[in-house]
Amino acid sequence: MTNYKGYMGKVLFVDLKDKTYKEFPWTDKDRERTVGGKIMAADILLNHIKPGMKAFDEDNWIVITTGPLTRCKSPSSTRFNISTISPLTGILTSSNCGGPFGRRLKKAGWDAMIITGKADELTWIEIDNDIVTFHDVPEMRGMLTGEAQKKFASGNGKLVIGPAGENKVLYAAAFSGERAAGRGGVGAVFGDKNIKAITAKGNQEPEIYDQERLDFLNEQWTNQLKKHPITGAQLSKLGTAGLVAPMQAHRILATKNFSEGRFENFEKVSGEELTEKYLIKNGGCQTCPMRCERRVMHEGKNVKGPELETLGLLGPNLMNDDLAKIIKWNYELDELGMDTISTAGSIAFAMELQEKGLWDSGLQFGQTDNLTEVFEDIAHRKGIGDVLADGTRIMSEKFGGKDFAIQTKGMELAAYEPRGAVGQGLGYATANRGGCHLNAGYMVVLEGLGLNMDAYTPKGKAGLTIAFQNVMEAASAAGFCLFTSYAVLPWFLIAKPTSITTRLVQNVFKFSAPVLYIASKFPEILAVNIPLVQYPRVLNAATGMKYNVGKFLKNGALGYNTERLANIILGQPVGPKADTLPKRLTDEEQVSGNKKTKVPLDKMKKSYYIIRGWKDGAPTMHTLKRLGVRIPDCIKEVFPYGKG
Amino acid sequence: MVKVKIFGVLRTTIGFGYLELDAKNVLDVFAEISKTMETRYYEEQKKLEEMKNDPNVKYIKPKNPALEPQKEITFSDAIVYVNGERCLKKKMKIFEGDEIWLLSPAAGG
Chain A
0 MTNYKGYMGK
10 VLFVDLKDKT
20 YKEFPWTDKD
30 RERTVGGKIM
40 AADILLNHIK
50 PGMKAFDEDN
60 WIVITTGPLT
70 RCKSPSSTRF
80 NISTISPLTG
90 ILTSSNCGGP
100 FGRRLKKAGW
110 DAMIITGKAD
120 ELTWIEIDND
130 IVTFHDVPEM
140 RGMLTGEAQK
150 KFASGNGKLV
160 IGPAGENKVL
170 YAAAFSGERA
180 AGRGGVGAVF
190 GDKNIKAITA
200 KGNQEPEIYD
210 QERLDFLNEQ
220 WTNQLKKHPI
230 TGAQLSKLGT
240 AGLVAPMQAH
250 RILATKNFSE
260 GRFENFEKVS
270 GEELTEKYLI
280 KNGGCQTCPM
290 RCERRVMHEG
300 KNVKGPELET
310 LGLLGPNLMN
320 DDLAKIIKWN
330 YELDELGMDT
340 ISTAGSIAFA
350 MELQEKGLWD
360 SGLQFGQTDN
370 LTEVFEDIAH
380 RKGIGDVLAD
390 GTRIMSEKFG
400 GKDFAIQTKG
410 MELAAYEPRG
420 AVGQGLGYAT
430 ANRGGCHLNA
440 GYMVVLEGLG
450 LNMDAYTPKG
460 KAGLTIAFQN
470 VMEAASAAGF
480 CLFTSYAVLP
490 WFLIAKPTSI
500 TTRLVQNVFK
510 FSAPVLYIAS
520 KFPEILAVNI
530 PLVQYPRVLN
540 AATGMKYNVG
550 KFLKNGALGY
560 NTERLANIIL
570 GQPVGPKADT
580 LPKRLTDEEQ
590 VSGNKKTKVP
600 LDKMKKSYYI
610 IRGWKDGAPT
620 MHTLKRLGVR
630 IPDCIKEVFP
640 YGKG
Chain B
0 MVKVKIFGVL
10 RTTIGFGYLE
20 LDAKNVLDVF
30 AEISKTMETR
40 YYEEQKKLEE
50 MKNDPNVKYI
60 KPKNPALEPQ
70 KEITFSDAIV
80 YVNGERCLKK
90 KMKIFEGDEI
100 WLLSPAAGG
């Protein structure tokens, strides 16, 4: 139970081995400390994992969390999170999803659920308010994600895997509606535990601390999001697909396995082409004013269209300019239950291996007619598909080519080529879950896409990367979509990119490191609430907590450090091998003869660690204690905290 | 003649994505687009009105929800590239055969 509003006050703990369930202890102190979402999940996992634990161990937990804002009708606040040890990276992954499952889980009376053990038979976990029932569903084996969800009555929140998850493809996803918890292979962990589906339904609602204030703030924030050039115009008119052309201009459109930052035929796979030729209507998550989802027709069906990452990585990165194919593949990959980013990244790497004569898979850049069959083979682990299903890092260990295996910490990079935006490169390297553009802090929004900060200078990038990583971490914990964080950048800076004010701010950013250092060490100095940063205000009105900007950012830092500590326990290296990028991005110039066009990672990393309070990629004990990280005993067994 | 390609929210507002025109600098490009945009806007309105009043027209295809051409634009949010390089000076000279890209600020994931 909880004295805070906004929450349901209960966490479900399910053991698949003996098919039992109970309530997991979670106190108001824990809620104050972590808020919810991915930070809550990281805290739970940090205090459960042990050195040497692996993704497919029976006692690896899957932690599914909502945020306190879920079901509170705040804009863009219905996301849920799945965290576990990733089979792709071997460290923690957290995968965020906009599907309806989180809302329904909360309606059933649960803020979160933890799953342990393995079932003997393919299983459907049915949650109906306080009752949990386990069903054997061998007849669902092999079912696609769409077909599987149709098996359950509407009114249920559904979370399922496809064949890829059942066959433990290391980047298999879990799906709720057409939305994926895509990254890091959470679907494979479901498959390993023999979970085909989880459904949730109920008739409970969270109480609100101050409904009148919350209604006022929700309206104010919705207006702020609608007025903003990114959240109110670009994302609703063109979706994330609208980024293809700006990325081309800024030389950050990953092309031919990240060997280039521009693609000659980019217009054929652009958001403009998608909108003008294929868009039927916009879609989006419940309570979200952005409506960034693209609804398109595929073989007579109204389906979710490809997002930017899918367009970029199945398009330019494979030297493919056929948008119709990408729409088809996007649908097929969703149905098979695979992350489009890692699938495409693994295929691009295989194409380069082929080109360099290192692995004869038959896959070649620009020749993509057989990819539907390749996807099927990956999902069922057949032929070359069995190799591709392990992802880029394992493939590079087998065949060589580590310098151009485009992954960090084992996770394939998103579609932004960081040699054209070096701060994004720092973000990719330091991101806790690996090559994720959002967990990286999304510096490209400052480095050309939104503002026009010098994309090639390392100056100021470390502090800004940390600030954005922390904001996104904390926003996600409360249940908000990360896209809302773009509205934290004042609209007039974005709307007038060449104005004196905007240019001044961009230049000030370059010298912001000392200020950001002080703010990260003493967040108490930001003990204010301002309309521009709505998160703490909304959180307070819904829950009765006492958050402010400083405390909110500190919560983000707590999340980032909690995940990092968990990763070190799980074996993430510290020292020179911590937080690296493939050599292609740090040692090879993107534009031949222009030394600026590679990522000066070591230089930025040094500042990054100082501002974070880390040494060699590991948080110091002082930092952990200052942030209030719940430190498990097992760190005594782990370098650099214990074993020397 | 210079080639002008328009992307992003600018394109949905302007209503077209490609134009060839005579221009000495970027400001000329803006002026020419504004002129073309206004002409096309009124032509479109006129055509729509005629269709509405035509008893033989049974169905008017709904417009793409993302495309809402306006009759005027300020270009205050335009990000300009000339031959693939960012251009911050709107009075910078441009030449025959140059390719101009006009983009809007963007973000996503």
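Note that the protein sequences, when read in sequence, are chains A and B. Throughout the first sequence, residue numbering follows numbering that gives the first Met the number 0, covering 0 to 643 in sequence. Throughout the second sequence, residue numbering follows numbering that gives the first Met the number 0, covering 0 to 108 in sequence. Here a beta-carbon is modelled for each residue, glycine too, at the ideal position from N, C-alpha and C.
Asked: Test: Y208/A CB closer than 8 Å to a CB of chain B; Found: no
Asked: Cβ pair A54/A, V159/A closer than 8 Å; Found: no
Asked: Alpha-carbon to alpha-carbon, I38/A and V10/A; Found: 15 Å
Asked: C-beta atoms of I279/A and R294/A nearer than 8 Å; Found: yes
Asked: Burial state of S93/A, where buried means 16 or more other Cβ atoms lie within 10 Å; Found: buried
Asked: Rounded C-alpha distance that separates G2/A from T33/A; Found: Residue identity check: residue 2/A is Asn in the sequence provided, not Gly. Straight-line Cα distance between these residues: approximately 15 Å.
Asked: Assumed close pair A476/A, G66/A - CB separation to whole angstroms, cut-off 8 Å; Found: 6 Å
Asked: Test item: CB-CB of A439/A and L91/A under 8 Å; Found: no
Asked: DSSP three-state assignment for S82/A, whether helix, strand or coil; Found: strand
Asked: Every unbroken beta strand (DSSP E) within the stretch 96-168 of chain A, with a cutoff of 3 residues, ordered by chain; Found: 111-115, 122-127, 130-135, 156-159
Asked: Which of helix, strand or coil DSSP assigns to W25/A; Found: coil
Asked: H249/A - DSSP class collapsed to helix/strand/coil; Found: coil
Asked: When W109/A, A414/A, K18/A, D601/A are compared against G5/A, the one with the closest alpha-carbon; Found: W109/A
Asked: Chain A within 8 Å of S75/B, Cβ atoms only; Found: yes
Asked: Buried or exposed by the 16-neighbour rule on C-beta atoms within 10 Å, applied to I529/A; Found: exposed
Asked: Inter-residue CB distance, G154/A and A173/A (contact presumed, cutoff 8 Å); Found: Incorrect: roughly 20 Å between the Cβ atoms, too far for contact.
Asked: Anticipated Cβ contact below 8 Å, I81/A with A107/A, distance rounded; Found: Between A107/A and I81/A the Cβ distance is about 17 Å, and since that is not below 8 Å, they are no contact.
Asked: Sufficient close CB pairs (3 or more, under 8 Å) joining the stretch 162-177 of chain A to the stretch 324-338 of chain A; Found: yes
Asked: Collapsed DSSP secondary structure at N547/A in the structure displayed; Found: coil
Asked: Extent of the continuous alpha helix (DSSP H) to which H297/A belongs; Found: Counting along the chain, H297/A falls outside any alpha helix (DSSP H), though it belongs to the beta strand (DSSP E) covering 292-297.
Asked: Anticipated Cβ contact below 8 Å, L307/A with V268/A, distance rounded; Found: Actually they are not in contact, since the Cβ atoms of L307/A and V268/A sit about 10 Å apart, beyond 8 Å.
Asked: Neighbour-count burial assignment, V81/B, 16 or more Cβ in a 10 Å radius; Found: buried
Asked: Sheet register partners of P618/A (DSSP bridge); Found: W613/A
Asked: Contacts around A118/A, its chain only, beta-carbon distance under 6 Å, and the 5 residues preceding and following it disregarded; Found: L15, N193
Asked: Which of helix, strand or coil DSSP assigns to W490/A; Found: helix
Asked: Assigned secondary structure, D385/A (DSSP; H/G/I helix, E/B strand, else coil); Found: helix
Asked: C-alpha gap between F521/A and R611/A, whole angstroms; Found: 12 Å
Asked: Contacts of R10/B in chain A (Cβ-Cβ under 8 Å); Found: E271
Asked: Closer than 9 Å at the beta carbon, the chain A residues around P68/B; Found: Those within 9 Å of P68/B in chain A number zero; the least Cβ separation is about 12 Å.
Asked: For L370/A: DSSP bridge partner residues; Found: None, per the DSSP bridge assignment.
Asked: Burial state of R140/A, where buried means 16 or more other Cβ atoms lie within 10 Å; Found: exposed
Asked: DSSP state of Y6/A mapped onto helix, strand, coil; Found: coil
Asked: Proximity test, Cβ basis, 8 Å: Q233/A and chain B; Found: yes
Asked: Alpha-carbon to alpha-carbon, A22/B and E98/B; Found: 11 Å
Asked: Beta-bridge pairing of N566/A - partner residues as DSSP gives them; Found: Paired residues: none, contrary to the question.
Asked: Coil, strand or helix - M337/A by DSSP; Found: strand
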